[in-house]
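Novice: Residue numbering for the sequence shown follows this note's numbering, beginning at 135 and increasing consecutively.
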Amino acid sequence: MQKTVEDIWRTTCGNWKNCNHSTLQALLSECGKHSIDPQYCMSWVEEHSGNIPDWPAVAETARDWVNKHTSTGSPIVSSD
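#1: Buried or exposed: where does Thr146 fall if 16 or more other Cβ atoms within 10 Å of its Cβ makes it buried?
#2: How should Ala196 be labelled, buried or exposed, when 16 other C-beta atoms within 10 angstroms of its C-beta is the threshold for buried?
#3: Using only alpha-carbon positions, find the residue among Val200, Ser177, Ser156 that is nearest to Glu140.
#4: Residues in its own chain within less than 6 Å of Leu162 by CB, not counting five upstream and five downstream?
#5: On a CA-only basis, which of Cys153, Gln136, Thr138, Lys167 is nearest Asp188? Give me that one, please.
#6: Which one of Ile142, Ala191, Ile186 has the shortest CA to CA distance from Ser169?
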């Protein structure tokens, strides 16, 4: 699972300096599309937080996204 997260990260962010509000939200969204809990992805990103510019603000945006898009640790799935 971690390899898949790393592959998604390479596609959405590319490197830690490019990890910002929008690229991190894209990463979390892609994790959900691959049936990977976005909270798991967020935890993985947090391990590298020292490499991410403006981490406190980026983290807040990401946590807001996770709270809006997950419920009790599981992605919310639309039944269209």
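Note that the Cβ used here is the ideal one computed from N, Cα and C, for glycine as well.
Specialist: Taking the geometry as given:
#1: buried
#2: buried
#3: Ser177
#4: Pro172, Cys175, Trp199
#5: Cys153
#6: Ile142
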